[in-house]
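Residue numbers (the numbering used here): 9 to 367. Where a beta carbon is used, it is the ideal one built from N, C-alpha and C, also for glycine. Worksheet: the structure to be examined is printed underneath.
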């Protein structure tokens with residue numbers, strides 16, 4: 009198939025450090041190329057891919073101090089996509105709803121994976137206006153705020169099989185990986201580590217919007233010899249952080265759409281202690297890849313039970329459920345189904361046929 013992948017411009021594909029959506033776009037793109045498809049990637053110019061790359065800007069917007077108006081580059085990207093639209097059998101968007109008005113008017117075959125949270129009141133009138141837009145969820149839990157929009161499938165994320173290094177023996181510290189923000193609750197991770205008396209290593213990005221929260225609330229909690237803050241990590245440093253951990257803490261306090269770090273930990277054989285929010289019960293396998301908890305004391309007790317888990321079982325669950333090859337096959341089924349359907353007229357407001365979830 010001739011497939012376009014449209015990535016956000018905020019990070020490169022793949023990102024150098026933090027960046028879940030761009031990372032998944034990269035894994036999907038490279039796997040589709042590997043399977044023999046003709047893929048074009050619309051992304052920042054510092055992206056690395058075997059697909060044809062069309063760049064709206066020479067580097068990722070987050071890392072470009074020269075960029076004063078990010079929206080300008082996003083508009084350029086949309087113009088590039090629709091200039092080439094007739095070259096593709098399908099266009100796969102990963103940029104939320106930004107393209108909806110153009111996709112409606114150009115009448116091209118397309119699908120959008122929604123990577124973020126959907127429990128936002130402003131999205132209700134948006135999807136009421138664009139009911140025909142075909143979308144894919146990354147978990148069943150993600151759909152709950154908008155159950156009646158034009159869902160085509162649920163496709164869980166996947167990773168390349170050899171991306172992370174498996175370690176048979178547990179390490180001597182706890183790990184936290186992600187963003188420093190109120191909903192990620194690194195403060196809970198710190199408290200859990202203190203309660204169980206095990207050192208904690210934190211690999212986390214601090215966005216400008218969360219800087220005050222970090223400085224005012226989190227930084228004082230780091231003044232403890234058991235807590236090591238590594239900052240934003242990627243590549244081998246990230247691999248080492250996860251695989252050498254005793255377990256990974258995922259104490260979230262928000263409706264997590266997927267939680268990529270959970271399957272990254274599984275790939276390393278590292279068990280996960282995760283709070284029961286959002287997609288966690290779908291992604292985790294209780295008592296095999298870790299434990300799902302409902303509060304601080306529950307989390308403390310779960311850490312003490314990690315010694316009863318088998319790290320090879322974590323890796324096996326990853327290989328059976330969360331490989332990039334499986335993810336690509338799931339998306340190909342969506343693409344093929346959509347290419348066989350008529351494109352609805354916007355004025356009719358007729359949605360494309362919904363389909364059962366792919367899991």
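**Request:** For residue 264, count neighbouring C-beta atoms within 10 Å of its own C-beta (all shown protein chains included) and say buried if the count is 16 or more, exposed if not.
**Result:** Buried is the call here.
**Message:** Going by C-alpha to C-alpha distance, which of 231, 253 and 122 sits closest to residue 183?
**Reply:** Selected option, being the one with the closest Cα: 253.
**residue 75 (DSSP reduced to helix, strand or coil)** = Residue state, collapsed to three classes: coil.
**Request:** Identify every run of the beta strand (DSSP E) within the segment 147-227, keeping only runs that are complete inside it and at least 3 residues long; order them along the chain.
**Result:** The qualifying runs are 159-162, 182-187 and 208-213.
**Message:** On the criterion of 16 or more Cβ atoms from any shown chain inside 10 Å, does residue 279 qualify as buried, or is it exposed?
**Reply:** Classification of residue 279: buried, given that the 10 Å Cβ count is 16 or more.
**Message:** Measuring alpha carbon to alpha carbon, tell me which residue in 343, 336 and 297 is nearest residue 323.
**Reply:** It is 297 whose Cα lies nearest to the Cα of residue 323.
**Item:** Cβ contact (3+ pairs, closer than 8 Å) linking the segment 207-216 and the segment 269-283
**Value:** Contact between the segment 207-216 and the segment 269-283 is not established, with fewer than three Cβ pairs separated by less than 8 Å.
**Prompt:** For the segment 103-117 against the segment 71-86, are there 3 or more C-beta pairs whose distance is under 8 Å?
**Reply:** Short answer: they touch.
**Collapsed DSSP secondary structure at residue 343 in the structure displayed** = If DSSP states are grouped into helix, strand and coil, residue 343 belongs with the helices.
**Message:** Taking the beta strand (DSSP E) that residue 136 belongs to, which residues open and close that run?
**Reply:** Counting along the chain, residue 136 falls outside any beta strand (DSSP E), though it belongs to the alpha helix (DSSP H) covering 131-137.
**Prompt:** Quick one, are the C-beta atoms of residue 162 and residue 176 less than 8 Å apart?
**Reply:** Cβ atoms of residue 162 and residue 176: not closer than 8 Å.
**Prompt:** Quick one: is residue 285 buried, meaning 16 or more other Cβ sit within 10 Å of its Cβ, or exposed?
**Reply:** By the neighbour-count criterion, in which a residue is buried when 16 or more other Cβ atoms sit within 10 angstroms of its Cβ, residue 285 is buried.
**Request:** Quick one: using the 10 Å Cβ neighbour count with 16 as the cut-off for buried, is residue 192 buried or exposed?
**Result:** Per the 10 Å Cβ criterion, buried.
**Asked** Near residue 10, which residues of its chain fall below 6 Å by C-beta distance, leaving aside the five closest residues on each side in sequence?
**Response** Excluding five sequence positions before and after residue 10, the CB atoms of its chain that fall closer than 6 Å to its own CB belong to 46, 96 and 97, given in chain order.
**Message:** For residue 251 and residue 173, which I take to be in contact (beta-carbon distance under 8 Å), what is that distance rounded to the nearest angstrom?
**Reply:** Confirmed, about 5 Å.
**Message:** Please state whether the Cβ-Cβ distance between residue 25 and residue 242 is less than 8 Å.
**Reply:** Yes, the Cβ-Cβ distance between residue 25 and residue 242 is below 8 Å.
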